[in-house]
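Enquirer: In our numbering, the protein residues as written are 74 to 230.
Handing you this structure, nothing more for now.
Encoded structure:
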């Protein structure tokens with residue numbers, strides 16, 4: 074017989090009417106229907122049930138991209154766009170209303186993303202870039218050149 078709560082195989086005689094995996098009481102035909110049934114929830118998240126052997130659905134990193142988050146933070150971070158991208162909607166709204174926490178939060182986020190400690194809305198770390206390293210290098214060089222040109226153009230005024 075299978076446990077109706079977790080799906081594990083149960084031997085009613087050997088396990089005395091309880092699931093050996095999740096501890097739930099197994100309803101037995103013919104038992105007094107008015108007796109209360111106590112369900113015990115399994116909180117052992119790291120052990121797989123026998124019917125789930127080899128299956129793991131846990132993510133270890135976010136589906137978001139670190140390179141994209143970095144670019145969004147650099148150019149639109151004062152408006153919280155990188156927070157919206159990461160799924161952190163409330164922080165995105167806060168950044169939008171406070172102009173990136175007056176710029177201090179924006180600067181802190183640039184450092185946090187660069188060091189690899191930035192997390193998405195589910196608390197998962199943002200994964201390393203899927204962008205080809207050669208393309209990434211070209212983009213960074215282009216951005217650096219544009220930054221220098223912008224700084225030089227601003228110094229002439």
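Quick reminder that beta carbons are idealized off the backbone N, C-alpha and C, glycines included.
Alpha helix (DSSP H) containing residue 146: first to last residue?
Expert: For the purposes of this step, residue 146 is taken as the residue at position 73 of the chain shown. Start and end: 139-149.
Enquirer: Using a Cβ distance threshold of 8 Å, determine whether the region 178-189 contacts the region 210-220, with at least three qualifying pairs required.
Expert: Judged by Cβ distances under 8 Å, the region 178-189 makes no contact with the region 210-220, as fewer than three pairs qualify.
Enquirer: For the ligand ATP, is there any heavy atom lying closer than 7 Å to the beta carbon of residue 135?
Expert: Judged by which ligands are present, the structure shown has none, so any question about the ligand ATP falls away.
Enquirer: If we ignore side chains and look at the alpha-carbon of each, how far apart do residue 172 and residue 165 end up?
Expert: One-based indexing of the chain shown puts residue 172 at position 99. One-based indexing of the chain shown puts residue 165 at position 92. Rounded to the nearest angstrom, the two C-alpha atoms are 10 Å apart.
Enquirer: Under the three-state reduction of DSSP, which class applies to residue 91: helix, strand or coil?
Expert: Residue numbering aside, residue 91 sits at position 18 when the chain shown is read from its first letter. DSSP places residue 91 in strand when its eight states are reduced to three.
Enquirer: According to DSSP, residue 75 sits in a beta bridge with which residue or residues?
Expert: Taking the chain shown and counting its residues from 1, one reaches residue 75 at position 2. Residue 75 pairs with 82.
Enquirer: Helix, strand or coil: which one does DSSP assign to residue 198?
Expert: Residue 198 sits at position 125 when you count from the first residue of the chain shown. Reduced to three states, the DSSP call for residue 198 is strand.
Enquirer: Identify the continuous alpha helix (DSSP H) that holds residue 134 and give its terminal residues.
Expert: Taking the chain shown and counting its residues from 1, the one referred to as residue 134 is at position 61. Neither: residue 134 is in no alpha helix (DSSP H) and is coded neither H nor E.
Enquirer: Can you find the residues in the same chain that come closer than 8 Å, C-beta to C-beta, to residue 158, ignoring five residues on each side of it along the sequence?
Expert: Within the chain shown, the letter at position 85 stands for residue 158. So the list reads 137, 141, 142 and 145, once near-sequence residues are dropped.
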